[in-house]
Structure formats: structure tokens, C-alpha cells
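If you count by my numbering, then the sequence shown holds residues 1404 to 1560, one letter each, in order.
One structure is given here, and the rest of the page talks about it.
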Amino acid sequence: MPFLTLAFAVLLLVGSLAQGLGVSNRQIHPVRDIVADPAALAWLAYKAAVQLYVERNPGFTGSVPLAQLGLPQNGAGLAAADNLVARNGGTTQVVTWMALTGISLDSVRRLAAGDQSIGISRGTTWETSTYGNMGSLPVAVPQDDIVSYVSFSGAGF
């Protein structure tokens, strides 16, 4: 009887280990699984460049011209990208947006790795896939464009 109990315990242990190994072999490999869509990469670079421009020019308001960002003027549809920098008291709001196709939207979501400042425009509001409706935008953005809305507060952001 003790031998049967030991054999049963070993079978359970081996089964658990095999199941665990199977799970680890099916892990997602984020870097390898990303579709390197040029439009998605271009928009993420644009978003970062606008935010960096605002950081380096803390008194700026309005729309940062593409020529000021150091990005290719005709690269991956960036001529269609737009932005708005607005101030409200001690808060600086930075909104960037661009029309993207479905595959590019999926690529942005994967490349952004959960960045909740990125969502989809619903005109004067925006939403994320995780949190749903995120509220009003300080500017009307074309319906279904990818949008990023970030608020900076204080000095030296």
C-alpha cells in the first residue's frame, strides 16, 4: 500500500511539473511578437517628440509645428499628425493625435505596453480599451483617431 501511495504522489508531481512546463513554453515574447508597423512607430515617436518639446519649452502653448520636432516631414504620414498644448492654471495639457488603420492601432497598443495616456478619440472625448471613457479632451479630435492626452503639473516637468 505505501508503494501505491508513493507511485500516485510521483504521478501527481510529474503531471504538475509537465503542466507547468507547458505553460512556460507558451509564454508571449513581446519583442518578437510586435508588428513593427512604420505608421505606429512614427506616431509614437511624434507623441514623444511633442512631449519632449513641451518639457524643453515650458511656456509654449498652441500647436507644435512638425518642423520643430526633428522628425521626418513626410515620414509614415506624419503630415496628418497634430497636437495641442494648452495651459490651465498650473497644469499643462498635451494632446497628440493621428488617423491610423486597424493594424497600426494594434501595433501602437502593443508597442506602448499599457500606456494609459493612449486611446481612441470619440470627437470631444476619448477612451482606452482598459478603462473605457476617459472624459473630455481640451480640443476636438477626429473620430477614431489614435490620441494621447497627458497633463503635466508644476514646474520643471
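Where is the CB? At the ideal position from N, CA and C, for every residue including glycine.
Note that the structure is predicted; figures quoted are calculated from it, not measured.
Ranked by Cα distance from Val1542, the first of Asn1536, Thr1533 and Trp1529 is Trp1529. Of the other Cβ atoms in all chains shown, fewer than 16 fall within 10 Å of the Cβ of Leu1455; this residue is therefore exposed. As DSSP reads the structure, Thr1528 sits in a beta bridge with Ser1539. The straight-line gap separating the alpha-carbon atoms of Ala1483 and Pro1441 is approximately 14 Å.
Excluding the 5 residues flanking it on each side, Ser1539 has same chain C-beta neighbours closer than 8 Å at Thr1527 and Thr1528, in chain order.
Leu1481 has its alpha-carbon roughly 18 Å from the corresponding atom of Val1457.
Per DSSP, the beta-bridge partners of Arg1490 are Thr1495. In the three-state scheme derived from DSSP, where H, G and I count as helix and E and B as strand, Asp1509 is classed as helix. For Val1457, the uninterrupted alpha helix (DSSP H) run begins and ends at Pro1441 to Arg1459, by DSSP. Ranking Asp1509, Pro1461, Asn1460 and Met1501 by CA distance to the CA of Tyr1449 puts Met1501 first. With a cut-off of 8 Å on Cβ pairs, the region 1545-1559 is in contact with the region 1488-1508, counting three or more such pairs.
Look at Gly1522 here: in three-state DSSP terms it is strand.
DSSP places Gly1465 in the strand class (E or B) of the three-state scheme. Inclusion of Leu1444 and Ala1515 in the CB contact set at 8 Å is not warranted, their separation being larger than that value.
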